[in-house]
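**Student:**
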Amino acid sequence: MPDESSSGLSLFPPLAETRSQLEKLAELLQWKDAPQLRHWQEALQHAEARLRQARVRIAVLGAVKSGKSTLLNALLGADRLRRGAGILTSIVTRIQPGEISRAHLRFKSKSLLDRQFQAALAFLQSSDSSLPSCELDHASERQSVLHWLDEQPVAEDTSHFGEERAFLRACLVGYSEAVGYLSNSTQVQTWSGKESYQHQAWVEQDARAVFLEDLLLEEPGWTWQGTEIADCQGSDSPNPFHFVQVQEYASRSNLLIYVVSSRIGIRQADVRLLRNLHQLGLADQIIFVINLDLNEHEEQADVDRITEQILRDLRQCGWQQPHYFTFSALHLLLQRKLELTNREQKQLEFWQDHPVFQISANAWKIFQEELHLRLVHQQSQTLLAGEWSHWQRLHRQVSEFVERLQATLSTETLDWEEWQSELQHRQRYLRYHEQNLQHTLKGGEKQWRQHIDYGVRALFDRQEGKIWSSLDRFLRQVELTPPKDNFSPSIQSMLWMQEVREKLLHWVVDEINVSLLPEMARLCSEIMMLINQAVEPFFAVLDELQQREYQLQSRLQKDSLLFTVNPKVYWQFPEIEPISFTTTLAFQTPEQLRSWLLYGQSWFRTFWRKEQNLQAEFHQQSQRELERQLRENLNFDVLNYQENLKYRYLWSGTQQLLDTILVCWQESARGCQADLSGVLEQLERLRSERKQLMPLLAQWQSNWRELSIRWLPL
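Numbering (my numbering), first residue to last: 527 to 1240.
So, in structure tokens, the structure goes:
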């Protein structure tokens, strides 16, 4: 965020400054190829690589056209996201810091696209057998289906297939342009610099967005290292899967900014999403932004009235004292943009004398400060805790190395054999504990696997588990809409399938995810606690070893810095995207649709001779049959999700964490062992220069200590 209040601020451990100081030490000693210094540089590089993979997330939420994209552009100081895109914002747009503007678009795999296309095609073919079959690779077949969609009128009883028609049309129209980016696996296309603006067309045009799976922007205007801010779809988007994506991204976020338009206020879609977020336990993480339309509100009294109405609505949603800010995102964006159109320039000049201008500017400033404080807190409490411990150990090891060198240079006679003997003993001691750590991690795998397995089985237990209990309630409550007179069994069957699919999707969002997502977080937290308890003693060994060394140094040098507080061991679950329950549900496989269609046709042939109450009979029989098929499908889908949750998410993340812990311990242990290769050759030269060198080393050590003090985590 390009603001003076945050210039020069880094929320990371001072890895760059640490590396710079190590380079200065190597220059000071004229010993750039020292193995020990090279090891510490490598350890810093590994820490940076781990931090690049971890993120503190900020989700920007709100209804369609509430000003989410405008607020993000104001934070970036440029029009990077299309304003007024409305419902065309079809995926979550993620933004991370970058040296230059880049857009990374991840396209769907061709196999996934084909499955989705054939499922939508099967839906429409169920209502009209004249719709031709189509393979996306065949241009003539694409043209035939597109011609059918253009020429075929939408009958009243098929008007509910609008989503499928829109999806097919988008695929058919955009396929020739997108095919170059499609393959059997997901492909990522990157545009840099001015070309990065091409992402806007792909996100906002249905005929292009349908091929996308993910969008990531790198922006120099977003300067908060280790963070990601996302523009989420509108809460009132007509696509039900958009709400799922918003919910799932929000549940993974550390901070949520909810934008409310002053022109419209809280809508019904806002109420649903806000209550959903409250159920997920995210209420304390939300900052509300009341986005002022300066063309609508000319007096402060008008703003106060609108604000009070919005606050009353928020209280009804569960926020008795919402944390909110009131400002104009568009006004602030125009102030920060480097280039303005004539219209924007005139609009900005007109607003300069607006009565609400100064109030908006003051609120924006306080909002930035609040955002700054929350990001610092989130990063220090979550993302950086483990890396701070690792960095502090490295800092202490370097201090030990330099202080021992100072003691050596200031002593006329050095008992070199004693030093070497001490280091050899330390190496044996650390090798012993490394082997024990490896055995502990290997032995603990079985226990941690069992804990994951038990937790997942309890969650999905058919008798007492939360998930099946909720699904059973859904199956008991779901009711099909009675068919109209002169109904078509084929079309009605498909309409019911679509109806149940949408009802189940809403049920997953409103009932299942609000239990499932917190339970997943709880399981991750429990695994972290068990692993931390197992490995903490091994990191304590490193700290005790260094403490003894500092006690020895304190006897040699009275002014030696003595660390008495050991860094706390703290680990975070790796950055793996959670498995989505909704994407596991096989709503639209062609096999399911054809099976259900054949059922409707078969039933109708059997009972068409009955003249009385045919409509009610078909409705009742279909209700029972659909419930049977749905339960059968859910049995498979839920079992599939359980296995994915266990192995692709929980256990995969645990395994990555165990590998990281072992690497971090080995790096810290090697730092304690002070590789002395080459020291004897350099020692005489350093002693001959000690008169000039000792004051420089003392100054370097002072800067090194100051580095640690200035960057204490919050």
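Virtual Cβ for every residue (Gly too), placed ideally from N, Cα, C.
Bear in mind that the values here come from a model prediction, so they are computed numbers and not experimental data.
1. With a threshold of 7 Å between beta-carbons, can residue 693 be considered close to chain B, or not?
2. If you reduce the DSSP assignment to three classes, tell me which class residue 833 lands in.
3. In whole angstroms, give me the CA-to-CA distance for residue 760 and residue 617.
4. Determine the contact status of residue 1213 and residue 935, defining contact as a CB-CB distance below 7 Å.
5. In terms of alpha-carbon separation, which member of 882, 806 and 849 lies closest to residue 820?
6. So, does the region 995-1012 touch the region 1151-1163, judging by three or more C-beta pairs under 8 Å?
7. Whose CA, out of 730, 848, 846 and 874, lies closest to the CA of residue 859?
8. Using only CA atoms, which one of 754, 752 and 850 lies nearest to residue 784?
9. Of the choices 825, 840 and 919, whose alpha-carbon is the least far from that of residue 886?
10. With three or more C-beta pairs closer than 8 Å as the rule, is the region 1050-1064 touching the region 1172-1186?
11. Identify every run of the alpha helix (DSSP H) within the region 550-633, keeping only runs that are complete inside it and at least 4 residues long; order them along the chain.
12. Residue 852 lies in the alpha helix (DSSP H); which residues open and close that run?
13. Report all residues from its chain with a CB closer than 6 Å to the CB of residue 754; omit the five preceding and five following residues, and keep chain order.
14. Identify, in the order they occur along the chain, each residue of the same chain with its Cβ nearer than 8 Å to the Cβ of residue 656, setting aside the five sequence neighbours on each side.
15. Under a three-way DSSP split, which group does residue 1102 fall into?
16. Where does residue 626 land, buried or exposed, given buried means 16+ other C-beta within 10 angstroms?
17. Determine the direct distance from the alpha carbon of residue 836 to that of residue 1012, and round the result to whole angstroms.
18. Which ranges does the beta strand (DSSP E) cover as unbroken runs of at least 3 residues, wholly within the region 945-970, from first to last along the chain?
19. Just the C-alpha distance for residue 848 and residue 829, rounded to the nearest angstrom, thanks.
20. Looking only at its own chain, which residues have a Cβ that is under 8 Å from the Cβ of residue 544, when we skip the five neighbours before and after it?
21. How do the region 968-984 and the region 1028-1041 stand: do at least 3 beta-carbon pairs fall below 8 Å, yes or no?
22. From residue 536 to residue 1028, what does the alpha carbon distance come to, in whole angstroms?
23. Assess contact between the region 701-721 and the region 745-752, defined as three or more Cβ pairs (one per stretch) separated by less than 8 Å. Is contact present?
24. Taking residue 501 and residue 585 to be in contact with their CB atoms under 8 Å, please state how far apart those CB atoms are, rounded to whole angstroms.
25. For residue 1085, count neighbouring C-beta atoms within 10 Å of its own C-beta (all shown protein chains included) and say buried if the count is 16 or more, exposed if not.
26. Whose C-beta lies closer than 7 Å to the C-beta of residue 1068 among residues of the same chain, with five residues either side of it excluded?
27. From which residue to which residue does the beta strand (DSSP E) around residue 784 run?
28. Under 6 Å Cβ to Cβ from residue 789, same chain only, skipping five residues before and after it: list those, please.
29. Let me make sure I understand the geometry here. Which of 1170, 637, 548 and 555 has the alpha-carbon closest to that of residue 1108?
30. Rounded to whole angstroms, how far is the Cβ of residue 743 from the Cβ of residue 725, which I believe are closer than 8 Å?
31. Give the straight-line distance between the Cα atoms of residue 978 and residue 695, rounded to the nearest whole angstrom.
32. Using DSSP's beta-bridge definition, name the partner residues of residue 713.
33. Going by C-alpha to C-alpha distance, which of 660, 795, 644 and 853 sits closest to residue 880?
34. What does a CB cutoff of less than 8 Å around residue 962 pick up in its chain, not counting 5 residues either side in sequence?
35. Assign residue 1124 to one of two classes, buried (16 or more other C-beta atoms within 10 Å of its C-beta) or exposed (fewer than that).
36. Sorted by chain position, which residues of the same chain lie with C-beta nearer than 8 Å to residue 791's C-beta, five sequence neighbours on each side aside?
**Tutor:** Based on what the coordinates show:
1. The structure shown contains no chain B, having only a single protein chain.
2. helix
3. 10 Å
4. yes
5. 882
6. yes
7. 874
8. 850
9. 825
10. yes
11. 561-579 and 594-602
12. Looking at the DSSP string, residue 852 is not in any alpha helix (DSSP H); the run it does join, the beta strand (DSSP E), is 850-853.
13. 581, 583, 620 and 622
14. 674 and 678
15. coil
16. exposed
17. 48 Å
18. none
19. 17 Å
20. 570, 917, 920, 921 and 1233
21. no
22. At residue 536 the pLDDT is 48, less than 50, meaning the model places this residue with poor confidence; the figure from the coordinates comes in the next sentence. Roughly 45 Å between the two C-alpha positions.
23. no
24. Residue 501 lies beyond the range of the chain shown here (527 to 1240); nothing can be said about it.
25. Note on residue 1085: pLDDT 45, under 50, position unreliable in the model; no value is reported.
26. 919, 1194, 1195 and 1198
27. 781-787
28. 819 and 822
29. 1170
30. 7 Å
31. 44 Å
32. 633
33. 853
34. 1064
35. A caution first: residue 1124 carries a pLDDT of 49, below 50, which makes its placement in the model too unreliable to give a value.
36. 832, 835, 836 and 839
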